[in-house]
RNA sequence: GUGGCUAUAGCGCAGGGGUAGCGCGCCUGAUUGUGGCUCAGGGUGUCGUGGGUUCAAAUCCCACUAGCCACCCCA
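Residue numbers (this note's numbering): 542 to 961.
What follows is the structure, given as C-alpha cells:
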C-alpha cells in the first residue's frame, strides 16, 4: 500500500479542531495587534536560504529539501518563514508602505530530519515580524504578541528565556574571546563541537555534551558594545515593568545565522525533548544580505504541532461543533429527490447546516446514517408526504416525529432547533 | 546521520513453528417507510516488505521500510 511520506501527517476530523482553535487565536491576536498577513511561496530559490539562514547551519547543510526543476533551477522547499518574508519585502518594495511593517504568516515548512515527538518533516509555523524598527520597543512588542497568542490559547505552562548575542561588532570580539577560551580545551570537546570550533563557535555554548567545559566560558553579555548593552537593558526593564517573567540564558544561541542582538525562546517542560514552542529574535542583517538595503527587523516563529501537543497535554475541552443540524432524507421517488434539494436550499438560506442524504437506500439506513453524523432533526420525504404536501420531521434525540406543512417547514425547523 | 523499542482487521490490542483471535467500529437481519438500546448473524487480514531456515513461518534468522522515543538539530 502507498503510504504517506515519512514525517508528514493527514489532519482530519477530530484533529482539526485544534487547528481551527489555533488559527482563530492567530487571527484574533494579530488583528488586535494590527499585523498584516503575508503568504509567500512554499518553495524558493535555494540561494535564498543558503545566504540568509547560513551556509554553515545544520538546516542548510543537511535538512533542506532541495531539487532541480525542469528548467535546471535549484529549488528548495522553505525550511523556515523569515527569509521568504524578507525576500518578499525587498522584491515588492514594501518600504514604500511606510515602516515599520508588521507582518505575520502561517504555513508549512519542510526539513529533512528524523521525526520524533514534536518534530516532523512537514511542519507548520505561525510567525510574526516587525520590519523597519531597530528599537527595543519592537522586540518587546514581538514578545508581547507571542504571549498574547499563547494566552488566547490558555497556555501558560512555559518559560521565557532571553539573551543578546550582540551585533556584528561586539560579536567579533566575543568570538575572539571564545576561541581563546576553548583553544586549550579543544580535544576534550565532542566531535561535532570540534568542527563547530571553526565554523560556528557560538554553537558550542548550547551543546549538552560539553556542558561542563562551557560552564565557565566567557559570557557574550560581558562583550556587548554600548548600544547592544543599552538595548538589552532597556528591553529587560520594559519586560519587568510590564510584569512579564523571563530568565536571561547567556547560553541561548539561535541556530540560524541571520540573528543578532536580542534572541529569545519560549520553552515548556511538558513537551519532552523538543521543548521549544516558540523562538525568535532580531535579524538586523538579513534584509541587507538579500537586498543590499539595511533594514532592521525582529520576529518569532512558533511550531503549531508543538502547541497542539501542549493543548492535548493540558486536556482543554476544545469545542468544535461541526455536526449538521438537519438531515434531509428523500425516499425512493425522483419527486422526493427534487424536493430534498429544494428544502435544503431553503434551510441553508436561513443559515441552517443541512445535510442531504445522496444515497438511494432504505429508510432504515438513511436514519442510521443521520444518527451517525449527529443531526438534531431528520426530514423525511416519501410517497405519503409528497401526496399531502407535507414532510415528516423526526427529533433524533427524543425519538418523536411530527408532520409539517411544506410552506412552513423552514420556519418551524428554525424554531425547533432553537429549542433543542 | 546514530541508538533503543515496536509493526497482527478501519481503530485499540492478545497470541508466538501446524485451520488467524479479542474489544470497539463496520455490514446483514429481527414482516417490506424509522436511527440509537437489545438480540441473532457476518471477519472485513499479504500478521509492515523482501529474502533465508523448515515437511510446515504470522511465529525463528537476516535485510529493508515505517512508527514511537532519545541523541543531534530546531519550531
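No residue lacks a Cβ here, since even glycine has one placed at the ideal position from N, Cα and C.
Sequence-distant residues of the same chain with beta carbon closer than 7 Å to residue 760, five excluded per side: The residue you call residue 760 lines up with position 219 of the first chain. Excluding sequence neighbours, residue 760 sits near 791.
Residue closest to residue 859, alpha-carbon to alpha-carbon, out of 570, 556, 549: The count along the first chain starts at 1 and reaches residue 859 at position 318. For the residues 570, 556, 549, the minimum Cα distance to residue 859 belongs to 556.
Terminal residues of the beta strand (DSSP E) in which residue 827 lies: One-based indexing of the first chain puts residue 827 at position 286. No beta strand (DSSP E) holds residue 827; the alpha helix (DSSP H) holding it covers 827-832.
8 Å Cβ cutoff met for residue 926 and residue 932: Position 385 of the first chain, counted from the first residue, corresponds to residue 926. Position 391 of the first chain, counted from the first residue, corresponds to residue 932. Yes, Cβ-Cβ distance for residue 926 and residue 932 is below 8 Å.
At least 3 beta-carbon pairs within less than 8 Å: the segment 793-800 vs the segment 818-826: yes
Residue 571: first and last residue of the uninterrupted alpha helix (DSSP H) it sits in: Taking the first chain and counting its residues from 1, the one referred to as residue 571 is at position 30. Taken as a continuous stretch (DSSP letters only), the alpha helix (DSSP H) holding residue 571 covers 554-573.
Runs of alpha helix (DSSP H) wholly within the segment 590-676 (minimum 4 residues, chain order): 599-603, 623-632
Sequence-distant residues of the same chain with beta carbon closer than 7 Å to residue 729, five excluded per side: Locating residue 729 in the first chain gives position 188, where the first residue counts as 1. These residues qualify, in order along the chain: 754.
C-alpha gap between residue 826 and residue 955, whole angstroms: Mapped onto the first chain, residue 826 falls at position 285. Mapped onto the first chain, residue 955 falls at position 414. Straight-line Cα distance between these residues: approximately 59 Å.
One or two residues paired with residue 843 in a DSSP bridge: Taking the first chain and counting its residues from 1, one reaches residue 843 at position 302. Per DSSP, 667, 819.
Reduced DSSP secondary structure (H/G/I, E/B, other) of residue 807: Here residue 807 refers to the residue found at position 266 of the first chain. Looking at residue 807 - three-state DSSP - the assignment turns out to be strand.
Test item: CB-CB of residue 937 and residue 911 under 8 Å: Position 396 of the first chain, counted from the first residue, corresponds to residue 937. Position 370 of the first chain, counted from the first residue, corresponds to residue 911. Closer than 8 Å, so yes.
Boundaries of the beta strand (DSSP E) in which residue 704 is found, first to last residue: Here residue 704 refers to the residue found at position 163 of the first chain. Start and end: 700-705.
Neighbourhood of residue 943 by C-beta, 7 Å cutoff - its chain only, sequence neighbours within 5 removed: For the purposes of this step, residue 943 is taken as residue 402 along the first chain, with counting starting at 1. Within the same chain, residue 943 has close Cβ partners 934.
Candidates 807, 837, 939: closest to residue 636 by CA position: Stepping through the first chain from its first residue, residue 636 is reached at position 95. Among 807, 837, 939, the Cα nearest to that of residue 636 is on 837.
Cβ neighbour criterion (16 or more within 10 Å) applied to residue 575: Position 34 of the first chain, counted from the first residue, corresponds to residue 575. Residue 575 comes out exposed.
Sequence-distant residues of the same chain with beta carbon closer than 6 Å to residue 762, five excluded per side: For the purposes of this step, residue 762 is identified with residue 221 of the first chain, where counting begins at 1. Excluding positions up to five away in sequence, the list reads 791.
Backbone CA spacing between residue 634 and residue 622 [nearest angstrom]: Taking the first residue of the first chain as position 1, residue 634 is located at position 93. Taking the first residue of the first chain as position 1, residue 622 is located at position 81. About 18 Å.
Euclidean distance between Cα positions of residue 589 and residue 628: The count along the first chain starts at 1 and reaches residue 589 at position 48. The count along the first chain starts at 1 and reaches residue 628 at position 87. Answer to the nearest angstrom: the Cα atoms are 8 Å apart.
Residue range of the unbroken alpha helix (DSSP H) whose run includes residue 584: The residue labelled residue 584 in the question sits at position 43 within the first chain. Unbroken run through residue 584 is the beta strand (DSSP E), 584-586; no alpha helix (DSSP H).
Cβ-Cβ separation, residue 710 to residue 643 (assumed contact under 8 Å), whole Å: Numbered from its first residue, the first chain carries residue 643 at position 102. Numbered from its first residue, the first chain carries residue 710 at position 169. Between residue 710 and residue 643 the Cβ distance is about 28 Å, and since that is not below 8 Å, they are no contact.
Three CB pairs or more closer than 8 Å across the segment 844-852 and the segment 731-745: no
Own chain partners of residue 658 with C-beta closer than 8 Å, once the 5 adjacent residues on each side are dropped: Your numbering for residue 658 matches position 117 in the first chain. These residues qualify, in order along the chain: 812, 813, 814, 815, 850.
Cα-Cα separation between residue 973 and residue 893, rounded to whole angstroms: There is simply no residue 973 to check, as the chain begins at 542 and stops at 961 in what is shown.
Simplified DSSP state of residue 894, which is helix, strand or coil: Counted from its first residue, the first chain places residue 894 at position 353. It is coil, neither helix nor strand.
DSSP-derived helix/strand/coil call for residue 788: The count along the first chain starts at 1 and reaches residue 788 at position 247. Residue state, collapsed to three classes: strand.
Proximity below 8 Å, CB of residue 548 to CB of residue 662: Along the first chain, read from residue 1 onward, the residue named residue 548 stands at position 7. Along the first chain, read from residue 1 onward, the residue named residue 662 stands at position 121. For residue 548 and residue 662, yes; Cβs fall inside 8 Å.
C-alpha gap between residue 732 and residue 718, whole angstroms: Stepping through the first chain from its first residue, residue 732 is reached at position 191. Stepping through the first chain from its first residue, residue 718 is reached at position 177. Spanning the two alpha carbons is a distance of roughly 21 Å.
Delimiting residues of the alpha helix (DSSP H) encompassing residue 911: For the purposes of this step, residue 911 is identified with residue 370 of the first chain, where counting begins at 1. Residues 904-913.
8 Å Cβ cutoff met for residue 586 and residue 616: By one-based count along the first chain, residue 586 stands at place 45. By one-based count along the first chain, residue 616 stands at place 75. Taking 8 Å as the Cβ cut-off, residue 586 and residue 616 qualify as a contacting pair.
Length of the line joining the Cα atoms of residue 765 and residue 781: Residue 765 sits at position 224 when you count from the first residue of the first chain. Residue 781 sits at position 240 when you count from the first residue of the first chain. Those two C-alpha atoms are separated by around 21 Å.
CB of residue 921 within 8 Å of CB of residue 870, strictly: Locating residue 921 in the first chain gives position 380, where the first residue counts as 1. Locating residue 870 in the first chain gives position 329, where the first residue counts as 1. Going by C-beta atoms, residue 921 is nearer than 8 Å to residue 870.
Residue(s) in a DSSP beta bridge with residue 944: In the first chain, counting from the first residue as 1, residue 944 sits at position 403. Its beta-bridge partners are 933.
Where residue 885 sits in the DSSP three-state scheme: Numbered from 1 along the first chain, position 344 holds the residue referred to as residue 885. Three-state result, residue 885: helix.
Rounded distance between the beta-carbons of residue 807 and residue 699, thought under 8 Å: Along the first chain, read from residue 1 onward, the residue named residue 699 stands at position 158. Along the first chain, read from residue 1 onward, the residue named residue 807 stands at position 266. Confirmed, Cβ separation roughly 5 Å.
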